[in-house]
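Residue numbers (the working numbering), protein chains in the order written: chain D, 1 to 256; chain R, 257 to 592.
Structure, as structure tokens:
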Amino acid sequence: MSNQWGPDAVMDRVRIDAAGMHYTPLNMAIRAAVAKGAREIEIDHVMGQRFIADGLKGDVRLIIHGVPGGDLGMFMSGPTCIVHGNCDHAPGNTMDSGLIVIHGSAGDAVAHSMRGGKVFVRDSIGYRGGIHMKQYRDKRPILVLGGNFRAFLGEYMAGGLILALGPPPDRPIRERGIGSGIHGGRIIVRGDVDDEYLGVGAQKSPLTREERDEISPLIREFATYFQRDPDVLLDDSYVQIRPSSSRPFASKYTWE
Amino acid sequence: MDGRAIRSALSMMDERGSGEGAGYVAYGAFPEFADYYAIHVFFDAIHETKAAVDQELSKWGTIVHEEEIPTFEQQNIRKIHTPWRYFFQPDARLMPRSTTPEDDIVMHLVMKVNTSIPGALVYASGKNIAIFKASGWPEEVADFYRIQDYKGYIWLGHNRYPTNTPGWWGGAHPFNLLHWSVVHNGEITSYGTNRRYIESYGYRCSMFTDTEVVAYLFDLLVRRHHLAPELAVRALAPPFWDEIDRMPGREAYLNRAIRLTYGPALMNGPFAIVVAKPDAIVGFTDRIKLRPLVTGTMGDRLYISSEEAAIRVMEPEVGDITMPRAGEPVIGRVYT
């Protein structure tokens, strides 16, 4: 950690060189900077370090250059993480609030069990994106992705919103088990999804005008982060996938 | 390539292990003995156990050269076994009815030693293939054998986190039989079925862990049944029936035939696996992708790993990181 006023001065901006650094000292350096009032922390040469910004609280912005390891921003509450590179598994795992913007792709189980905040991924994500996202009162997590997703998107989803803006409509979606076991929340996909790719308990329906209006700010936000033309995305057709009833699995585990 | 790069790649993923087992394989490690089977043995109390192995080998062929595998003391590795390697020439005349007598003699020897000579475990038996494994962290095991002193054209490495069976030297990956080596992340929950199936063909499971069946299944399906590696993977991780039903006629027929013929070879449970043979490597995951696998290429090199960062440590400029689909093999072929 370094800055022009020396290590003990209160500093707005901090730069950390993570080359060869284990994630424990890296996270200690991040927390120390936040404790001293840093508002922006830029981290260079990130290479596989897990658990970056986990459990981190506060109004701080992390700019991450490189390829962070799994569970970026797990339990994070408040901060913003901008990643210039690809993420590994489960960025946004059980995140409470805040923002993760990934200028690249991400691995399996993106936004795993997410409770609040937003995750934006420019490119593709792996399997089980948004698995078990949940919501409670004003806490409503949002996952937006610009590329492809793989099977079991929104598996066991209990709340929140997944907005899949890719692949482009001329490339049909052939990923099985979308919304498999979904019992809350919504998955909105650009283009269309054949019924055979819907998971157990998932049901497809068109978007109402109000629902379309609801996603347009998210599309504009996505377009701003990644310099995309929002109009193309706004004009396209979308379909939403929701639980087939208020309790699709009522008879599976209980007797009434 | 020497062993330094793969050591640095594995050290990115220490979190995935528990220090109870790690290992490496190098293809092309013994150019001066390339034509002989490099039979690796862990001996307990070597003065008492080695004579029986020597005798068994001498019955079936000639020991051309043998040596204790050089090791270098590491703080956390307790050398409870003595690793030894024989370079062995089987006598093909002793198995006259086989079409691959040398391989069959060596396979017989591996199974015989591992089931009947207590204190001796054959853990590798291929030509020009070196295996380095022990209980420890990947960096320690690499330094224990000084893998930087070996060169190979294919390297696999593995860091083990034993879950269902104890960690021990023989249970560390890679698993090897003849020309096959296997590294595996996950559990094969169908192990019981797979084991009964493979043992009906003369293989004997002796490593107390699930992964060894993968090496034996590849040996059976590819070496003995002559399936292409793509079709062997199709047998082990086949498409779902509903997917087969939607395939066009001939493709559906082929996939149905593979599933029906090789039903007991189907592997269930979470897995990401890389298998090597002298002219290729193949990586694949279970059908619903319960374990990670990413690939990258750079020039004529193919990298397969659990994590992208491990590839980037070896090849910082790698351009095409991709995630193969569940159950679909990624194959790298060696060209000469």
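Every residue, glycine too, gets a C-beta built ideally from N, C-alpha and C.
Starting from residue i, find everything on chain R with Cβ-Cβ shorter than 8 Å and list it in chain order.
i	result
D:Val67	Glu564, Ala565 and Arg568
D:Ala151	Ile544, Lys545 and Ala582
D:Met47	Met268, Ala565, Arg568 and Val569
D:Asn86	Glu564 and Ile577
D:Tyr238	None at all; the shortest Cβ gap to chain R is about 25 Å.
I'd like to confirm the pairing. Which residues does DSSP put opposite residue i in its beta bridges?
i	result
D:Met47	D:Val67
R:Lys407	R:Asp258
D:Gln240	D:Ile188 and D:Ser205
D:Lys57	D:Ser77
R:Ala531	A small correction: the amino acid at residue 531 of chain R is Val; Ala does not occupy that position in the sequence shown. DSSP, once it has assigned bridges, lists R:Val438 and R:Val538 as partnering R:Val531.
R:Met554	R:Arg557
D:Ser262	Coverage of chain D is limited to positions 1 through 256, which leaves residue 262 of chain D absent and any answer about it impossible.
R:Ala390	R:Ala278
R:Glu601	Since the first residue of chain R shown is 257 and the last is 592, residue 601 of chain R is not available in this structure.
R:Gly413	R:Tyr280
R:Asn432	R:Ser437
D:Leu62	D:Ile41 and D:Cys81
D:Val144	D:Phe120 and D:Leu163
D:Ile330	In the structure displayed, chain D extends from 1 to 256; residue 330 of chain D sits before or after that span and is not available.
D:Leu198	D:Ile178
R:Tyr293	R:Phe344 and R:Lys383
R:Val586	R:Gly539
R:Phe298	R:Pro339 and R:Leu377
R:Thr578	R:Thr551
R:Gly317	R:Pro346
D:Ala158	D:Gly184
Measure the beta-carbon distance from residue i to residue j and round it to whole angstroms, keeping in mind my assumption that it falls under 8 Å.
i	j	result
R:Gly317	R:Phe388	In fact, because the Cβ distance is near 25 Å, the residues do not count as touching under 8 Å.
D:Leu56	D:Ile100	So it is not a contact: roughly 12 Å between Cβ atoms.
D:Pro68	D:Ile82	The pair is not a contact, with the Cβ atoms about 11 Å apart (cut-off 8 Å).
D:Tyr127	D:Arg190	Actually they do not touch by this definition, with Cβ atoms about 19 Å apart.
D:Phe98	D:Gly70	Checking the sequence shown, residue 98 of chain D turns out to be Gly, not Phe. Wrong, their Cβ atoms sit about 18 Å apart, outside the cutoff.
D:Ala18	D:Gln49	6 Å
D:Arg39	D:Arg15	With a Cβ gap of about 13 Å, D:Arg39 and D:Arg15 do not count as contacting.
R:Arg479	R:Asp359	7 Å
D:Ile178	D:Gly154	7 Å
D:Asp44	R:Glu564	Their Cβ separation, rounded to whole angstroms, is 18 Å, which puts D:Asp44 and R:Glu564 out of contact at 8 Å.
R:Val489	R:Val538	6 Å
For residue i, which residues in chain D fall below 7 Å Cβ to Cβ?
i	result
R:Pro548	His89, Gly107 and Asp108
R:Glu271	Arg50
Which bits of chain R does residue i rub up against, with CB to CB less than 7 Å?
i	result
D:Gly126	Met579
Three or more C-beta pairs below 8 Å linking the stretch 211-229 of chain D and the stretch 138-146 of chain D: yes
Inter-stretch contact at 8 Å, needing at least 3 Cβ pairs: the stretch 507-525 of chain R / the stretch 449-456 of chain R: yes
Any 3 or more C-beta pairs closer than 8 Å across the stretch 406-419 of chain R and the stretch 493-506 of chain R: no
Sufficient close CB pairs (3 or more, under 8 Å) joining the stretch 426-434 of chain R to the stretch 308-325 of chain R: no
Start-end ranges of the alpha helix (DSSP H) lying completely within the stretch 497-529 of chain R, minimum 4 residues: 497-502 and 505-517
Cβ contact check for the stretch 476-492 of chain R and the stretch 180-191 of chain D: 3 or more pairs under 8 Å: no
Touch test, the stretch 195-215 of chain D against the stretch 163-177 of chain D, Cβ-Cβ under 8 Å, three pairs minimum: yes
Meets three-Cβ-pair contact criterion under 8 Å: the stretch 152-170 of chain D and the stretch 131-142 of chain D: yes
Cβ contact check for the stretch 341-354 of chain R and the stretch 280-294 of chain R: 3 or more pairs under 8 Å: yes
Continuous beta strand (DSSP E) assignments of at least 3 residues falling wholly in the stretch 91-142 of chain D: 97-102 and 118-121
Contact the stretch 389-408 of chain R vs the stretch 234-251 of chain D: 3+ CB pairs below 8 Å: no
Length at least 4, wholly inside the stretch 350-383 of chain R: the alpha helix (DSSP H) runs in chain order: 357-372
Touching by the beta-carbon criterion (3+ pairs, under 8 Å), the stretch 290-310 of chain R and the stretch 257-267 of chain R: no
Inter-stretch contact (C-beta, 8 Å, three-pair minimum) for the stretch 550-562 of chain R and the stretch 574-591 of chain R: yes
contact_flag[the stretch 500-516 of chain R, the stretch 564-573 of chain R] where n(CB pairs < 8 Å) is 3 or more: no
Contact the stretch 319-336 of chain R vs the stretch 397-417 of chain R: 3+ CB pairs below 8 Å: yes
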